[in-house]
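Asks: Chains A and B are the protein sequences, given in the same order. FYI, in our numbering the residues of the first sequence are 26 to 321. FYI, in our numbering the residues of the second sequence are 161 to 449. Backbone N, C-alpha and C fix where the C-beta goes; we use that ideal spot for every residue, glycine too. This structure is a prediction, so every number in the text was calculated from the model and none was measured.
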Amino acid sequence: MRNIRLIKNEIGVLIMKTLAGGIVLLLVVMGIGLFLRSRGLVSSRSIGELLFATQWRPSRGEFAYFAFIVGTLEVTVYALIPAVPFALCTAIYLSEYANKRTLAFFKSIIDILASIPSVIFGLWGVLVIVPLVKQSEAFFTGGMGTGYSLLSAALVLAVMILPFIIHIILAVLQSISLSLREAALSLGATQWQTIKKVVLRRALPGIIAACGLGLARAFGETMAVMMVAGNIAQLPLSPFEPVYTLPALIANNYGEMFSIPLYDSALMFAAFILFVVVLFFNVISWLVLNRVKRRV
Amino acid sequence: MDSRKKTMLLKEKIIKNCMCFCAFFLAGLLVFIIVVILAKGLPALQLSMLVQTPKGGFYTGGEGGILNAIAGSLCIAVGATVIAFFIGIPIVLFINVHAKKHSILAGGIRFTFNVLWGIPSIVYGAFGFTCMVFLGLKASLLAGIMVIALIEIPILARAVDEVLQHVPAELSSAAAGLGATNGEVAWKVIIRQVTPGIITAVLLAFSRGIGDAAAVLFTAGFSDYLPESLLQPVATLPLAIFFQLGSPFPRVQNRAYASALVLTIMVLLISVAARYFSKKLSRHRIENI
Numbered sequence: 026m027r028n029i030r031l032i033k034n035e036i037g038v039l040i041m042k043t044l045a046g047g048i049v050l051l052l053v054v055m056g057i058g059l060f061l062r063s064r065g066l067v068s069s070r071s072i073g074e075l076l077f078a079t080q081w082r083p084s085r086g087e088f089a090y091f092a093f094i095v096g097t098l099e100v101t102v103y104a105l106i107p108a109v110p111f112a113l114c115t116a117i118y119l120s121e122y123a124n125k126r127t128l129a130f131f132k133s134i135i136d137i138l139a140s141i142p143s144v145i146f147g148l149w150g151v152l153v154i155v156p157l158v159k160q161s162e163a164f165f166t167g168g169m170g171t172g173y174s175l176l177s178a179a180l181v182l183a184v185m186i187l188p189f190i191i192h193i194i195l196a197v198l199q200s201i202s203l204s205l206r207e208a209a210l211s212l213g214a215t216q217w218q219t220i221k222k223v224v225l226r227r228a229l230p231g232i233i234a235a236c237g238l239g240l241a242r243a244f245g246e247t248m249a250v251m252m253v254a255g256n257i258a259q260l261p262l263s264p265f266e267p268v269y270t271l272p273a274l275i276a277n278n279y280g281e282m283f284s285i286p287l288y289d290s291a292l293m294f295a296a297f298i299l300f301v302v303v304l305f306f307n308v309i310s311w312l313v314l315n316r317v318k319r320r321v
Numbered sequence: 161m162d163s164r165k166k167t168m169l170l171k172e173k174i175i176k177n178c179m180c181f182c183a184f185f186l187a188g189l190l191v192f193i194i195v196v197i198l199a200k201g202l203p204a205l206q207l208s209m210l211v212q213t214p215k216g217g218f219y220t221g222g223e224g225g226i227l228n229a230i231a232g233s234l235c236i237a238v239g240a241t242v243i244a245f246f247i248g249i250p251i252v253l254f255i256n257v258h259a260k261k262h263s264i265l266a267g268g269i270r271f272t273f274n275v276l277w278g279i280p281s282i283v284y285g286a287f288g289f290t291c292m293v294f295l296g297l298k299a300s301l302l303a304g305i306m307v308i309a310l311i312e313i314p315i316l317a318r319a320v321d322e323v324l325q326h327v328p329a330e331l332s333s334a335a336a337g338l339g340a341t342n343g344e345v346a347w348k349v350i351i352r353q354v355t356p357g358i359i360t361a362v363l364l365a366f367s368r369g370i371g372d373a374a375a376v377l378f379t380a381g382f383s384d385y386l387p388e389s390l391l392q393p394v395a396t397l398p399l400a401i402f403f404q405l406g407s408p409f410p411r412v413q414n415r416a417y418a419s420a421l422v423l424t425i426m427v428l429l430i431s432v433a434a435r436y437f438s439k440k441l442s443r444h445r446i447e448n449i
């Protein structure tokens with residue numbers, strides 16, 4: 026009888042180990058798979074040409090990602106500029122000032138906001154943000170743009186990554202031990218002084234890591250950005266001009282992927298760029314966050 | 161001295177109120193989004209939309225409904241969640257019960273989950289597409305389920321892992337002391353402790369699966385018919401919203417708003433249910449021994 030139980034246990038461990046190994050392998054396979062699919066394009070052109078030339082004309086066999094990479098970066102940075110301070114303030118309020126019930130209430134708010142699908146955010150952007158941006162463009166510059174622009178995409182994106190950044194900063198702030206705060210308070214520091222000089226200083230690496238994760242998330246966001254960004258491959262000179270991001274490029278053109286030679290590997294290369302950038306920021310940020318957690 | 165103290169206290173108050181304002185602004189934002197979707201979707205929503213599949217000329221303003229998309233989304237999300245459950249739960253139990261808590265193995269798997277969690281769904285979609293080309297598959301329900309399952313595994317695993325870390329260590333010690341093997345500790349003792357957490361995690365993963373659009377774009381395709389076979393393409397609700405919104409016909413656009421309302425209500429209901437279960441079922445939990 027005992028043997029059967031032990032054998033069962035052994036088999037269970039074997040299955041679990043296989044599954045765990047599979048998950049770790051998945052990351053590697055994903056990178057290799059995307060790279061192999063894009064090899065057709067990469068082997069025929071130099072990396073410098075692909076990344077820095079500006080002409081995107083698939084029908085003539087000209088593929089260059091510069092406008093898309095810059096567009097994605099611009100949207101991401103524009104989104105982070107309002108989102109990070111706002112998220113930081115909210116997280117500080119929730120962890121330092123709010124009582125337990127308020128905290129629980131806002132935690133559900135954040136969870137619900139995070140669970141809204143990106144298509145819904147996109148629709149909200151089309152209905153609210155785009156007309157708003159259009160009017161403010163007419164008001165400030167007298168331009169007659171459509172409102173589908175870099176600014177619209179950044180604003181929608183900012184709202185989308187807010188719950189995500191708040192969640193991580195809140196976890197970082199809550200992991201800082203209470204005794205540190207008590208020590209500062211007992212020395213006569215006010216609450217804000219404690220937050221500024223003790224809590225935030227201690228949490229700084231974690232907050233930067235949270236921004237890195239937010240950046241990665243914003244970099245890969247597809248549907249909502251695609252719906253409001255205008256999708257014209259150019260280097261936007263003003264925030265009111267349309268922009269085309271890498272994820273939108275992939276999602277918009279998957280249909281005609283096989284109609285033009287090398288087009289499919291060009292789109293897969295775009296996915297590979299995305300994968301590498303997002304992986305880089307994720308790995309760095311989680312290394313920092315794990316370190317922060319261990320130190321406390 | 162006194163006036164300095166006053167300005168200091170004033171500063172405290174102003175800062176606190178600013179931060180408080182940010183938090184309530186966030187809540188306002190959520191309400192605003194839901195109100196906009198409600199205001200646009202409710203007038204356009206008709207019962208006939210929910211029980212019909214698209215008829216001829218649906219995308220130019222003809223008759224029909226979005227039942228194909230609702231059914232397709234549910235099929236994909238249910239299938240994916242089941243697969244994610246049977247892959248995610250054993251791994252999480254493994255790193256919490258079998259592996260030593262702070263071993264390199266457990267840490268490495270956790271790290272992988274964290275990184276996988278951050279990979280955007282369009283990359284999953286592109287990867288799924290790569291695999292499909294490799295295997296010679298076409299866009300189908302099966303491919304959609306597989307890709308969404310990959311997206312859901314880290315979501316589910318991270319949520320369950322969070323709960324498992326709060327299970328008191330004495331519990332597994334006690335079970336092990338009675339002669340239980342590691343497997344029995346994991347599957348007969350620990351898992352009962354975290355059932356509410358698992359249900360919440362499953363619902364969370366499910367709602368993420370139902371709302372994802374970028375990955376199913378490549379892998380599940382689109383279809384005007386109800387899903388019948390695993391190897392046929394299926395429609396999904398987010399894509400239905402997206403395609404209808406791109407139409408120049410006001411009637412079709414209105415239907416996009418209504419479809420968005422349906423999706424939002426589904427996601428909100430799942431969210432509320434998750435909260436309810438995690439409260440209701442946690443009554444029988446052993447907090448501390």
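Does any residue of chain B have a CB that is nearer than 8 Å to the CB of residue 114 of chain A?
Replies: Along the first sequence, one-based indexing puts residue 114 of chain A at 89. For residue 114 of chain A, the nearest beta carbon of chain B is closer than 8 Å to its own beta carbon.
Asks: Out of B:219, B:215 and B:241, point me to the one whose CA is closest to residue 314 of chain B's CA.
Replies: As a position in the second sequence, residue 314 of chain B is number 154, starting the count at 1. The option with the nearest alpha carbon to residue 314 of chain B is B:241.
Asks: Please list, in chain order, all residues of the same chain as residue 93 of chain A whose beta carbon is under 8 Å from its beta carbon, the five residues on each side excluded.
Replies: Taking the first sequence and counting its residues from 1, the one referred to as residue 93 of chain A is at position 68. Correct list, in chain order: 81, 258, 269, 270, 271, 274 and 295.
Asks: Any contact of the segment 299-310 of chain A with the segment 269-288 of chain B, i.e. 3+ C-beta pairs under 8 Å?
Replies: yes
Asks: Based on Cα-Cα distance, which residue from B:356, B:380 and B:275 lies nearest to residue 51 of chain A?
Replies: Locating residue 51 of chain A in the first sequence gives position 26, counting from the first residue. Nearest of B:356, B:380 and B:275 to residue 51 of chain A, Cα basis: B:275.
Asks: Given a limit of 7 Å on CB to CB distance, which residues of the segment 54-71 of chain A reach chain B?
Replies: 55, 58, 59 and 62
Asks: Kindly give me the distance between the Cβ atoms of residue 264 of chain A and residue 176 of chain A, rounded to whole angstroms, as I take these residues to be in contact under 8 Å.
Replies: Numbered from 1 along the first sequence, position 239 holds the residue referred to as residue 264 of chain A. Numbered from 1 along the first sequence, position 151 holds the residue referred to as residue 176 of chain A. That belief holds up - the Cβ atoms of residue 264 of chain A and residue 176 of chain A are roughly 4 Å apart, short of 8 Å.
Asks: Along chain B, which residues have their Cβ under 8 Å away from the Cβ of residue 122 of chain A?
Replies: For this step, residue 122 of chain A is matched to residue 97 along the first sequence. Chain B residues near residue 122 of chain A: 176, 179 and 180.
Asks: Using a Cβ cut-off of 8 Å, which residues of the segment 210-229 of chain A contact any Cβ in chain B, in chain order?
Replies: 215, 216 and 217
Asks: Taking only three categories from DSSP, how would you classify residue 344 of chain B?
Replies: Indexing the second sequence from 1 puts residue 344 of chain B at position 184. Of the three classes helix, strand and coil, the one that applies to residue 344 of chain B here is helix, per DSSP.
Asks: Taking all protein chains shown into account, do 16 or more other C-beta atoms lie within 10 angstroms of the C-beta of residue 431 of chain B, making it buried, or fewer, making it exposed?
Replies: Locating residue 431 of chain B in the second sequence gives position 271, where the first residue counts as 1. Label assigned to residue 431 of chain B: buried.
Asks: So for residue 87 of chain A, helix, strand or coil by DSSP?
Replies: By 1-based counting over the first sequence, the position of residue 87 of chain A is 62. The three-state reading of DSSP puts residue 87 of chain A in strand, counting E and B together.
Asks: For the candidate residues B:422, B:226, B:336 and B:378, whose alpha-carbon lies nearest to that of residue 201 of chain B?
Replies: Within the second sequence, residue 201 of chain B is the residue found at index 41, counting from 1. The option with the nearest alpha carbon to residue 201 of chain B is B:422.
Asks: Mark residue 207 of chain A as exposed unless 16 or more other C-beta atoms lie within 10 angstroms of its C-beta, in which case mark it buried.
Replies: Working through the first sequence from its first residue, we reach residue 207 of chain A at position 182. Around the beta carbon of residue 207 of chain A, a 10 Å sphere encloses fewer than 16 other beta carbons of the protein chains shown; the residue is thus reported as exposed.
Asks: Secondary structure at residue 354 of chain B, three-state DSSP: helix, strand or coil?
Replies: For this step, residue 354 of chain B is matched to residue 194 along the second sequence. Reduced to three states, the DSSP call for residue 354 of chain B is coil.
Asks: Is there a C-beta anywhere in chain A that falls below 8 Å from the one on residue 258 of chain B?
Replies: Your numbering for residue 258 of chain B matches position 98 in the second sequence. Chain A, which has a Cβ nearer than 8 Å to the Cβ of residue 258 of chain B, makes this yes.
Asks: Report yes if the C-beta distance between residue 145 of chain A and residue 190 of chain B is below 8 Å; otherwise report no.
Replies: As a working mapping, residue 145 of chain A is identified with position 120 in the first sequence. As a working mapping, residue 190 of chain B is identified with position 30 in the second sequence. Going by C-beta atoms, residue 145 of chain A is not nearer than 8 Å to residue 190 of chain B.
Asks: Under 7 Å Cβ-Cβ, which residues of chain B neighbour residue 133 of chain A?
Replies: Within the first sequence, the letter at position 108 stands for residue 133 of chain A. The contacting residues are 435.
Asks: First and last residue of the alpha helix (DSSP H) that includes residue 330 of chain B?
Replies: Position 170 of the second sequence holds residue 330 of chain B. 329-337 is the extent of the alpha helix (DSSP H) around residue 330 of chain B.
Asks: My output table needs one value for residue 253 of chain A: the three-state DSSP class, helix, strand or coil.
Replies: Within the first sequence, residue 253 of chain A is the residue found at index 228, counting from 1. In this structure, residue 253 of chain A counts as helix in the three-state DSSP scheme.
Asks: Let's test the definition: count the other Cβ atoms within 10 Å of the Cβ of residue 449 of chain B and tell me whether it reaches 16, buried, or not, exposed.
Replies: The residue you call residue 449 of chain B lines up with position 289 of the second sequence. Unreliable placement is indicated for residue 449 of chain B, whose pLDDT of 44 sits below 50; no coordinate value is reported for it.
Asks: Taking all protein chains shown into account, decide if residue 294 of chain B is buried (16 or more other Cβ within 10 angstroms of its Cβ) or exposed.
Replies: For the purposes of this step, residue 294 of chain B is taken as residue 134 along the second sequence, with counting starting at 1. Burial call: exposed.
Asks: Relative to chain A, which residues along the segment 240-257 of chain B have a C-beta separation below 8 Å, given in chain order?
Replies: 247, 250, 251, 253, 254 and 255
Asks: Is it buried or exposed for residue 314 of chain A, if we count other Cβ within 10 angstroms and need 16 for buried?
Replies: The sequence position of residue 314 of chain A within the first sequence is 289, counting from 1. Residue 314 of chain A comes out buried.
Asks: State the CB to CB distance for the pair residue 34 of chain A and residue 342 of chain B, rounded to an integer number of angstroms; the pair is presumed to be in contact (CB under 8 Å).
Replies: Along the first sequence, read from residue 1 onward, the residue named residue 34 of chain A stands at position 9. Along the second sequence, read from residue 1 onward, the residue named residue 342 of chain B stands at position 182. Indeed, because the Cβ distance is near 6 Å, the residues count as touching under 8 Å.
Asks: Looking only at DSSP bridge pairs, what is residue 268 of chain A linked to?
Replies: Here residue 268 of chain A is taken as the residue at index 243 of the first sequence, counted from 1. Residue 268 of chain A is bridged to A:255.
Asks: Hey, which unbroken runs of the alpha helix (DSSP H) at 4 residues or more fall wholly within the segment 51-139 of chain A?
Replies: 64-67, 72-77 and 91-117
Asks: Classify residue 395 of chain B as helix, strand or coil using the three-state DSSP reduction.
Replies: Stepping through the second sequence from its first residue, residue 395 of chain B is reached at position 235. Correct three-state label for residue 395 of chain B: coil.
Asks: Please classify residue 223 of chain B as buried or exposed, where buried requires at least 16 neighbouring CB atoms within 10 angstroms.
Replies: Locating residue 223 of chain B in the second sequence gives position 63, counting from the first residue. With fewer than 16 Cβ atoms within 10 Å of its Cβ, residue 223 of chain B is classed as exposed.
Asks: Below 7 Å on C-beta distance, what does residue 33 of chain A contact in chain B?
Replies: Locating residue 33 of chain A in the first sequence gives position 8, where the first residue counts as 1. Going along chain B in sequence order, the residues near residue 33 of chain A (Cβ under 7 Å) are 343.
Asks: Shorter than 8 Å from the beta carbon of residue 171 of chain B to some beta carbon of chain A?
Replies: The residue you call residue 171 of chain B lines up with position 11 of the second sequence. With 8 Å as the cut-off, residue 171 of chain B counts as an interface residue toward chain A.
Asks: Using 8 Å as the threshold, is the C-beta distance between residue 104 of chain A and residue 254 of chain B below it?
Replies: Here residue 104 of chain A is taken as the residue at index 79 of the first sequence, counted from 1. Here residue 254 of chain B is taken as the residue at index 94 of the second sequence, counted from 1. Contact flag unset, no.
Asks: Which residues of chain B have a Cβ atom closer than 8 Å to the Cβ of residue 42 of chain A, listed in chain order?
Replies: Translated into the one-based positions of the first sequence, residue 42 of chain A becomes position 17. Residues of chain B with a Cβ closer than 8 Å to the Cβ of residue 42 of chain A are, in chain order, 254.
Asks: With distances taken Cα to Cα, identify the nearest neighbour of residue 425 of chain B among B:187, B:371, B:319 and B:359.
Replies: The count along the second sequence starts at 1 and reaches residue 425 of chain B at position 265. It is B:371.
Asks: What does residue 154 of chain A reach in chain E if we use C-beta pairs closer than 8 Å?
Replies: Considering every chain present, this structure includes no chain E. Its protein chains are A and B.
Asks: Comparing the C-beta of residue 168 of chain B with each C-beta of chain A, is any distance below 8 Å?
Replies: Residue 168 of chain B sits at position 8 when you count from the first residue of the second sequence. Interface residue, yes.
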